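Residue numbers (full-length UniProt numbering), protein chains in the order written: chain W, 1 to 483; chain X, 1 to 483.
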């Protein structure tokens with residue numbers, strides 16, 4: 001449904017950025033109106049595809065003039081509906097995909113300047129081409145864009161050593177809701193000129209500005225890795241092992257915990273997988289150590305030495321270090337197949353949560369038990385990034401229930417209870433995926449009042465007209481002049 | 001001058017936090033009304049010393065009720081007048097020094113929870129007591145407090161490896177201007193519940209809230225260090241050497257550059273110093289490498305090996321690795337005496353600036369030359385943290401000028417020109433010290449308009465009454481309701 005306002009908006013944008021940047025045909029719009037998992041479906045008056053920062057400024061100026069909201073979108077891989085417009089059809093999708101140049105790349109400086117639409121795997125390739133690495137990766141790397149990764153403060157599997165995007169962004173360029181360009185790309189290691197606008201835009205989900213480019217940290221390329229699999233009796237033993245390793249070396253990049261029954265599911269459902277260890281263990285961890293030069297101890301030798309010591313001291317029950325890349329890949333395949341195996345086992349609700357690392361072992365035991373007690377017949381599982389205090393917390397439906405009915409009735413109440421447990425443990429209801437539209441009400445229900453008031457105050461200060469990704473993350477403060 | 005408003009405010013605060021927390025006697029107030037370098041002199045109606053976060057809440061509530069502004073103060077070691085009140089005497093100093101408990105300390109978790117008034121050297125000692133290190137240090141460590149270090153995003157001499165406070169703070173507790181307590185101490189490695197309030201408060205100079213406590217990252221204690229001195233022909237050779245070392249190892253914690261004439265000044269003016277190398281060199285670098293376990297190569301051997309390779313390839317002219325702790329201390333004493341030696345050589349204006357690391361060698365040569373050309377008879381020098389893109393940039397007065405007259409006439413214009421050069425090089429007019437009252441006008445003159453508008457919007461959103469450290473960092477937006 002296109003109202004006269006949006007028609008004039010589209011005509012004015014078209015006159016400023018050209019026809020190639022404006023799509024209104026229904027079939028061309030359709031793929032971008034739903035999230036990739038098909039949970040959220042919206043409508044939009046147009047898909048706008050600027051080719052430059054100046055084009056974005058033009059779009060933002062027209063958006064202000066005509067009071068047409070903008071929904072920024074990168075690779076459309078949000079897990080929380082963060083890039084899907086609402087259903088009234090008056091907003092425009094602002095796609096950053098044409099802003100896809102790597103403006104600069106320097107092994108010496110250890111930085112890349114990438115535009116918002118650069119796809120993560122393309123950045124990986126470019127960095128590798130100069131003997132470097134951008135040390136953040138995740139499943140959607142073939143679609144996810146730098147702008148989206150920044151706007152959601154993405155994490156992934158290498159956070160243990162290098163942190164999330166928040167630690168990897170050295171500078172941001174963005175168009176703010178007032179139409180001004182914030183130019184923060186200079187990679188200054190020390191800069192104390194007031195509040196960090198860079199850090200404010202990281203994780204802001206496009207509600208405070210449109211990220212158009214960023215300066216990113218690169219690190220030396222990996223020259224060798226060691227991968228090990230350890231069987232142990234509890235998450236507490238796993239955390240004790242992690243602490244030992246962290247004291248002994250700073251080469252550990254991954255430390256993933258897997259319950260015995262999740263491993264069994266993988267072995268049952270995923271063809272070609274086999275258990276890395278002979279015996280049965282209640283819990284498992286997958287560890288990866290890497291080096292960036294060959295002058296020191298090989299990472300496989302390092303892991304063998306440290307794990308032999310640990311097992312000798314009773315920390316861990318059995319361990320094996322991959323003897324080849326093929327064995328290492330096979331271990332990672334088990335980890336990467338956990339979600340697929342869980343899905344094959346029946347309908348489940350999944351949660352992306354974090355608690356302080358020190359609290360995680362208790363949470364993994366007590367939280368799972370509390371859920372299964374409260375919801376008889378369900379099966380709860382927690383697995384993933386123990387070292388980040390971030391696990392995937394799945395609750396599988398009782399055997400034989402009707403999938404749709406269960407999702408319609410119990411699933412939301414189960415999620416609310418998981419979130420209550422997380423808050424009681426001092427944790428976060430969104431570790432990695434952000435708030436988007438999916439968790440907005442839960443954030444409002446469970447957020448600390450001081451934090452919520454601060455979020456609303458910032459949103460209202462930056463975007464008093466409410467034109468930047470409305471309906472996501474946080475509502476405007478009540479007094480604000482909504483469109 | 002105490003007006004009736006402030007009298008009622010003081011009485012109400014006293015009834016809520018007790019007499020021990022309220023000082024109004026002139027002699028007791030005096031030491032806190034000037035900055036430690038004696039450049040700024042203010043007045044205050046009282047010195048308030050809360051003993052708990054709840055006391056701070058009470059003070060903020062009374063501050064709102066009576067419209068009395070608060071000037072947060074920690075160790076009073078600001079370099080930019082950031083903790084000194086203005087001269088009208090209606091504000092109160094809010095001293096955090098009694099909030100000085102270390103609430104928690106864990107080698108396992110690698111964290112400390114310290115209240116705002118904990119002195120940095122006390123935190124160093126506490127961390128050392130559990131085999132850990134808080135990896136940030138600076139000259140004022142015996143006075144500077146955690147709250148002040150956070151509020152100024154302090155840096156120091158170990159930023160190369162561990163970053164500034166921004167990278168070392170895992171969580172913040174603060175009282176916001178609306179009187180609510182923001183409780184963000186839980187050390188969550190992944191947390192995507194919207195804009196980072198922690199990061200917003202870091203470097204905010206007390207203008208957005210009063211930091212009352214923080215969760216800080218600890219790292220393993222150092223067990224061995226190696227210190228080396230290298231003579232080279234240019235800052236470009238120094239940067240080339242740094243890049244080589246960074247590619248070869250991640251053990252380098254300091255990389256300080258010193259011009260030959262600054263070394264000569266130290267040797268002339270500081271008793272007991274001697275040149276580490278026999279020959280004359282145009283430039284020098286001081287390098288420190290550390291290890292936290294003894295299983296690998298000793299850091300002195302590492303430096304010997306890497307420097308021999310570098311010199312063999314023509315990067316660097318001569319080098320010596322300290323053979324003892326005494327030699328290492330003697331090298332550091334030269335570096336630490338540079339400011340004192342510069343002062344002994346005559347009146348100078350100093351600047352705390354940064355540019356991108358890759359631009360620093362040109363800036364050190366061209367910037368110094370431009371200043372000496374524009375101000376005949378002056379002597380300009382740049383030295384310090386090359387690896388952070390942050391040097392001390394001194395301009396010494398022509399020989400024989402009257403000190404006071406020179407400061408009154410030329411100094412400000414010289415500073416403005418240094419700042420212009422920094423901005424032209426894409427740098428920051430405040431690398432480490434913040435803006436405070438000293439650089440506020442320069443920030444307003446030189447700041448990117450989009451950045452300035454964003455700073456003002458945030459300030460007005462958090463502190464619409466303008467009661468938190470008024471006159472520092474950024475003014476309220478014009479429309480705001482000032483007190």
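The beta-carbon is built from N, C-alpha and C at its ideal position, and this holds for glycine as well.
Keep in mind that this is a model prediction, so the values were computed, not measured.
If we cut at 7 Å on Cβ distances, does residue i have a partner in chain W?
| i | result |
| --- | --- |
| residue 413(X) | no |
| residue 480(X) | Only weak support is given to the placement of residue 480(X): the predicted model assigns it a pLDDT of 41, under 50, and the value that follows is read from those uncertain coordinates. No, its Cβ sits nowhere closer than 7 Å to a Cβ of chain W. |
| residue 18(X) | no |
| residue 72(X) | no |
| residue 203(X) | yes |
Assuming the contact rule is C-beta atoms closer than 8 Å, residue i and residue j should be a hit. Round their C-beta distance to whole Å, please.
| i | j | result |
| --- | --- | --- |
| residue 319(X) | residue 248(X) | Actually they do not touch by this definition, with Cβ atoms about 15 Å apart. |
| residue 283(X) | residue 341(X) | Actually they are not in contact, since the Cβ atoms of residue 283(X) and residue 341(X) sit about 16 Å apart, beyond 8 Å. |
| residue 204(W) | residue 151(W) | 6 Å |
| residue 338(X) | residue 383(X) | 6 Å |
| residue 467(X) | residue 63(X) | 5 Å |
| residue 353(X) | residue 418(X) | 7 Å |
| residue 251(X) | residue 308(X) | Not quite, the Cβ-Cβ distance comes to about 16 Å (not below 8 Å), so this is no contact. |
Determine the chain X residues that contact residue i at a beta-carbon separation under 7 Å, and present them in chain order.
| i | result |
| --- | --- |
| residue 455(W) | 194, 195 |
| residue 432(W) | 190, 192 |
| residue 350(W) | Residues of chain X passing the Cβ test: none, with the nearest at roughly 16 Å. |
| residue 164(W) | 190 |
| residue 248(W) | 293 |
Give a yes or no on whether the C-beta atoms belonging to residue i and residue j are separated by under 7 Å.
| i | j | result |
| --- | --- | --- |
| residue 169(X) | residue 56(X) | no |
| residue 99(X) | residue 117(X) | yes |
| residue 226(X) | residue 311(X) | no |
| residue 48(X) | residue 92(X) | yes |
| residue 448(X) | residue 183(W) | yes |
| residue 131(W) | residue 107(W) | yes |
| residue 387(X) | residue 356(X) | no |
| residue 435(W) | residue 473(W) | yes |
How would you call residue i, buried or exposed, if buried means at least 16 neighbouring beta carbons within 10 angstroms?
| i | result |
| --- | --- |
| residue 86(X) | buried |
| residue 469(X) | buried |
| residue 405(X) | exposed |
| residue 488(X) | In the structure as shown, chain X begins at 1 and stops at 483. Residue 488(X) is therefore absent and cannot be evaluated. |
| residue 279(W) | exposed |
| residue 35(W) | buried |
| residue 422(X) | buried |
| residue 71(X) | buried |
| residue 19(X) | exposed |
| residue 141(X) | buried |
| residue 479(W) | Only weak support exists for where residue 479(W) lies, its pLDDT of 49 falling under 50; the value from the coordinates is given anyway. When all chains shown are included, residue 479(W) counts as exposed. |
| residue 460(X) | buried |
| residue 53(W) | buried |
| residue 157(W) | buried |
Tell me, please, whether the CB atom of residue i is closer than 7 Å to any CB atom in chain X?
| i | result |
| --- | --- |
| residue 325(W) | no |
| residue 254(W) | no |
| residue 469(W) | no |
| residue 303(W) | no |
| residue 416(W) | no |
| residue 339(W) | no |
| residue 354(W) | yes |
| residue 276(W) | no |
Residues of chain X with CB under 8 Å from residue i, in chain order?
| i | result |
| --- | --- |
| residue 296(W) | 296, 297 |
| residue 182(W) | 448, 450, 451, 454 |
| residue 176(W) | 450, 453, 454 |
| residue 410(W) | Neighbours of residue 410(W) on chain X: none; closest Cβ ~25 Å, over 8 Å. |
Just the chain W side, please: which residues come within less than 9 Å of residue i by C-beta, in chain order?
| i | result |
| --- | --- |
| residue 200(X) | 195, 196, 199, 200, 454, 458 |
| residue 443(X) | 193, 194 |
Chain W partners of residue i, CB-CB under 7 Å?
| i | result |
| --- | --- |
| residue 474(X) | 194 |
| residue 224(X) | Simply none; closest approach about 15 Å. |
| residue 461(X) | 457, 458, 460, 461 |
Could you work out which residues of chain X lie near residue i, taking near to mean beta carbons separated by less than 9 Å?
| i | result |
| --- | --- |
| residue 429(W) | 193 |
Can you list the residues of chain W that residue i reaches, using a CB-CB cut of under 8 Å?
| i | result |
| --- | --- |
| residue 152(X) | 192 |
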